[in-house]
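Trainee: Just dropping this structure here.
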């Protein structure tokens, strides 16, 4: 037995290369910012791709895709008798109950957390401090099991329940039971102040890790001939357990098709998915024995699902197709060349003409902005609030370097000038930059976290002794988030000799 995923051609999997081209073309036409995808049929990978600067070796934030991993951990705990679906929250967290717990709270069970129907009308806010007490004190308006309301805090409470009964946090619990078995190596999950892992939104995985997990789910708990988790769990977890088109949640499109145990139902019958914010998808198509995993950053994720239904779902044949080596070569070439780069190669020879901008600039007094954290929330997985003290750009033949000093710490971020990203790091995160001169006084750059879903676009405007930097996020169209204010800097005085 091997844990290596086997690669085959689309034709061997019974899908034409044209269907995959249509999927890629459709994403581009709809403005969907794909970061990676992996398509599997009969347990084998038949197409995969990463848009530079994203790459196979890098993890990506999963957001609520994490919930499906938490659900699966609960399945193992139930299988081992550590937990029961009928365990009451009031019993597990008896030390955290409000003074006079309501009847609905006293009835709420782990099953209700799994189906996001514990009885809350709104989701409790805040994961810091005594978050369990706040969760249990939040009004349980509805009878448990009767009203769906999306509730990430409830998923985190599943993690806290697991810890209380097993003595292990989510990842440690899953490691010997699932992760090691299916070949998922080192991964990370963010944690709250009390150490509880954020199973509702905190994982970062590689694309292939996502595929391995979803293949385990599609195979109903089996891996390499070993039944790791009983099939009966999947009769519950991946099928509709509760309606989501409720007066409280009012789910539309694929979000109105119902919910299992932290898995969503989809519009095509029998299809279900793990689903994270901005389009982190694990789509299982049991009737086709196929699955698709996607990482992306879009505010209109229904467009992505519709694209999958329109281009891929109906493209699977019952038998392999004749091989077309030329078509396969064209597809392979396209997949190898995928990139998010949209800035042209610089034509103004900046390494010769931009030397006059190689100065150090200082924020105006009282304007020492938090340069990146202010520019793009969630850009970094960090709570640091380092404030900008100085900024400089250095230009070379093939790249520029953005030099930042924040609270006495200097960072140097490379920016590719030839139409390709240059890779570096910033505050412990992998980061990639690309840029060009729009005119002799305007320099545009894009910076992306290679293990985040986001980035920022920067426009440097050089005007005499002043530098104005305009900033906006790469991800737009979600929550109508405005661009951040311009940052105004002035040239640092030349030190006396």
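Numbering (the working numbering), first residue to last: -10 to 486.
The beta carbon of each residue, even a glycine, is placed where N, CA and C say it ideally should be.
Computed from a predicted model, the values in this text were never measured in an experiment.
Determine the DSSP secondary structure at residue 323, reduced to helix, strand or coil.
Mentor: For the purposes of this step, residue 323 is taken as the residue at position 334 of the chain shown. Residue 323: helix per DSSP, three-state reduction.
Trainee: Which runs of the alpha helix (DSSP H) spanning at least 4 residues fall entirely within the region 109 to 168, listed in chain order?
Mentor: Correct list: 120 to 126, 141 to 155, 159 to 163.
Trainee: What whole-angstrom Cβ distance do residue 202 and residue 58 have, given they're in contact under 8 Å?
Mentor: As a first step, residue 202 must be located in the chain shown, where it is residue number 213. As a first step, residue 58 must be located in the chain shown, where it is residue number 69. About 7 Å; that satisfies the 8 Å criterion.
Trainee: For residue 250, list the residues DSSP reports as bridge partners.
Mentor: Here residue 250 corresponds to residue number 261 of the chain shown, with the count starting at 1. Bridge partners of residue 250: none, in fact.
Trainee: If you reduce the DSSP assignment to three classes, tell me which class residue 410 lands in.
Mentor: Indexing the chain shown from 1 puts residue 410 at position 421. If DSSP states are grouped into helix, strand and coil, residue 410 belongs with coil.
Trainee: Does the structure place the region 78 to 96 close enough to the region 284 to 294 that three or more beta carbon pairs sit under 8 Å?
Mentor: Because the criterion of three Cβ pairs below 8 Å is not met, the region 284 to 294 and the region 78 to 96 do not touch.
Trainee: On the DSSP bridge assignment, give the partners of residue 27 in chain order.
Mentor: Indexing the chain shown from 1 puts residue 27 at position 38. Beta-bridge pairing links residue 27 to 37, 282.
Trainee: How long is the line joining the alpha carbons of residue 369 and residue 314, rounded to whole angstroms?
Mentor: Translated into the one-based positions of the chain shown, residue 369 becomes position 380. Translated into the one-based positions of the chain shown, residue 314 becomes position 325. For residue 369, the pLDDT reaches just 44, beneath the cut-off of 50, and the residue's location in the model is therefore unreliable, although a value from the coordinates is still provided. Approximately 43 Å between the Cα atoms of the pair.
Trainee: Below 8 Å between beta carbons: does that hold for residue 52 and residue 137?
Mentor: By 1-based counting over the chain shown, the position of residue 52 is 63. By 1-based counting over the chain shown, the position of residue 137 is 148. No, the pair does not count as a contact, with Cβ atoms beyond the cut-off.
Trainee: Could you tell me the distance, in whole angstroms, from the CA atom of residue 490 to the CA atom of residue 389?
Mentor: Here the chain covers residues -10 to 486 and nothing more, so residue 490 does not appear.
Trainee: With distances taken from CA atoms, which of 117, 266, 438, 298 is nearest residue 259?
Mentor: Walking along the chain shown from the start, residue 259 turns up at place 270. Of 117, 266, 438, 298, the residue nearest in Cα terms is 298.
Trainee: When you compare each of 198, 242, 211, 171 to residue 27 by their alpha carbons, which one comes out closest?
Mentor: Mapped onto the chain shown, residue 27 falls at position 38. Cα-wise, what sits closest to residue 27 is 198.
Trainee: Per DSSP, what are the beta-bridge partners of residue 452 in this structure?
Mentor: Here residue 452 is taken as the residue at index 463 of the chain shown, counted from 1. Note: residue 452 sits in a beta bridge opposite 455.
Trainee: Taking the DSSP output, what are the residues bridged to residue 391?
Mentor: Within the chain shown, residue 391 is the residue found at index 402, counting from 1. Paired residue(s): 382, 402.
Trainee: Please go through the same chain and pick out, in chain order, the residues whose beta-carbon is closer than 8 Å to the beta-carbon of residue 317, but skip the five residues on each side of it.
Mentor: Numbered from its first residue, the chain shown carries residue 317 at position 328. The answer, listed in chain order, is -2, -1, 0, 6.
Trainee: Which residue wins for smallest C-alpha separation from residue 394, given the options 8, 375, 354?
Mentor: Here residue 394 is taken as the residue at index 405 of the chain shown, counted from 1. Comparing Cα-Cα distances from residue 394 to each of 8, 375, 354, the minimum goes to 375.
Trainee: DSSP beta-bridge partners for residue 264?
Mentor: Indexing the chain shown from 1 puts residue 264 at position 275. Answer is 270, bridged to residue 264.
Trainee: Taking Cβ to Cβ, would you say residue 292 is nearer than 8 Å to residue 21?
Mentor: Stepping through the chain shown from its first residue, residue 292 is reached at position 303. Stepping through the chain shown from its first residue, residue 21 is reached at position 32. Yes, these two residues count as a Cβ contact at 8 Å.
Trainee: List the endpoints of the continuous beta strand (DSSP E) containing residue 420.
Mentor: Against the chain shown, residue 420 aligns to sequence position 431. Looking at the DSSP string, the run of the beta strand (DSSP E) that includes residue 420 is 418 to 426.
Trainee: Use the C-beta contact count for residue 362: other C-beta atoms within 10 angstroms, 16 or more gives buried, fewer gives exposed.
Mentor: Taking the chain shown and counting its residues from 1, one reaches residue 362 at position 373. Bear in mind that a pLDDT of 49 at residue 362, under 50, signals an unreliable position, so the number given afterwards is only what the model happens to contain. The residue is buried, with at least 16 neighbouring Cβ atoms inside 10 Å.
Trainee: Going residue by residue through the region 185 to 233, where are the continuous alpha helix (DSSP H) segments of at least 4 residues, counting only ones entirely within it?
Mentor: Counting whole runs of 4 or more residues, the region 185 to 233 contains the alpha helix (DSSP H) stretches 196 to 207, 220 to 226.
Trainee: Can you tell which of 448, 414, 407, 2 has its C-alpha closest to the C-alpha of residue 334?
Mentor: Indexing the chain shown from 1 puts residue 334 at position 345. The option with the nearest alpha carbon to residue 334 is 407.
Trainee: Does the region 228 to 239 come close enough to the region 208 to 217 to have 3 or more Cβ pairs within less than 8 Å?
Mentor: Result no; under three Cβ-Cβ pairs closer than 8 Å.
Trainee: Could you round the C-beta distance between residue 103 and residue 250 to whole angstroms and report it? I think they count as a contact, below 8 Å.
Mentor: Here residue 103 refers to the residue found at position 114 of the chain shown. Here residue 250 refers to the residue found at position 261 of the chain shown. Yes, residue 103 and residue 250 are in contact; Cβ-Cβ is about 4 Å, under 8 Å.
Trainee: Cα-Cα, which of 218, 143, 385, 322 is closest to residue 165?
Mentor: As a first step, residue 165 is located in the chain shown; it is residue number 176 there, counting from the start. It is 218.
Trainee: For residue 67, count neighbouring Cβ atoms within 10 angstroms of its own Cβ and tell me buried if that reaches 16, exposed if not.
Mentor: Taking the chain shown and counting its residues from 1, one reaches residue 67 at position 78. So residue 67 ends up on the buried side.
Trainee: Determine the DSSP secondary structure at residue 276, reduced to helix, strand or coil.
Mentor: Position 287 of the chain shown holds residue 276. Of the three classes helix, strand and coil, the one that applies to residue 276 here is helix, per DSSP.
Trainee: Per DSSP, residue 177 is paired with what?
Mentor: Taking the chain shown and counting its residues from 1, the one referred to as residue 177 is at position 188. In DSSP, residue 177 forms a bridge with 193.
Trainee: Given a cut-off of 8 Å, decide if residue 420 and residue 437 are closer than it, judged by their beta-carbon atoms.
Mentor: On the chain shown, residue 437 is found 448 positions in, with the first residue counted as 1. On the chain shown, residue 420 is found 431 positions in, with the first residue counted as 1. Closer than 8 Å, so yes.
Trainee: To which residues of the same chain is residue 141 closer than 6 Å at the C-beta, ignoring the five residues directly before and after it?
Mentor: Translated into the one-based positions of the chain shown, residue 141 becomes position 152. So the list reads 189, 190, once near-sequence residues are dropped.
Trainee: Excluding five sequence neighbours on each side, which residues of the same chain lie with their C-beta closer than 8 Å to the C-beta of residue 72?
Mentor: Position 83 of the chain shown, counting from 1, holds the residue named residue 72. So the qualifying residues of the chain are 63, 66, 99, 150, 151, 154.
Trainee: Could you give the distance in angstroms between the alpha-carbon of residue 208 and the alpha-carbon of residue 61?
Mentor: What you label residue 208 is simply residue 219 of the chain shown in a count that begins at 1. What you label residue 61 is simply residue 72 of the chain shown in a count that begins at 1. Their Cα atoms are separated by approximately 13 Å.
Trainee: Locate the alpha helix (DSSP H) running through residue 61, then write down its first and last residues.
Mentor: In the chain shown, residue 61 corresponds to position 72, counting from 1. Run containing residue 61: 55 to 68, per the alpha helix (DSSP H) assignment.
Trainee: Rounded C-beta distance between residue 186 and residue 159? I'm assuming under 8 Å.
Mentor: Indexing the chain shown from 1 puts residue 186 at position 197. Indexing the chain shown from 1 puts residue 159 at position 170. Going by Cβ atoms, the distance from residue 186 to residue 159 rounds to 4 Å, so yes, they are a contact pair.
Trainee: For residue 13, does the count of other Cβ atoms within 10 angstroms reach 16, so buried, or fall short, so exposed?
Mentor: Taking the chain shown and counting its residues from 1, the one referred to as residue 13 is at position 24. Buried: at least 16 other Cβ atoms inside 10 Å.
Trainee: Have a look at residue 111 and residue 451 and give me their C-alpha separation to the nearest angstrom.
Mentor: For this step, residue 111 is matched to residue 122 along the chain shown. For this step, residue 451 is matched to residue 462 along the chain shown. In a straight line, the C-alpha of residue 111 is about 48 Å away from that of residue 451.
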